[in-house]
Amino acid sequence: MPKRKGKQKFAKLGEKDCWHLYGLQVLTPTKFTRVVEKILQGRYALISSRLEERAQ
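The opening residue of the sequence shown carries number 1 in my numbering; numbering runs sequentially from there.
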């Protein structure tokens, strides 16, 4: 396979605004508090699993 002639360009990463419950578990307490505040304010979204949706 030939080498690329130029450097690849990627889109800049934005702020993470969709969170899964498992992603919240690994945060430090300070970061967890900030993220949960934004979820409660409606600035971030919380993604639930399919099993939780079926149980309701």
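For each residue, glycine too, the CB sits at the ideal point set by N, CA and C.
Alpha carbon to alpha carbon, what distance is there between V35 and G42? 11 Å
DSSP beta-bridge partners for A45? C18
DSSP three-state call for G23: helix, strand or coil? helix
In three-state DSSP terms, what is L40? helix
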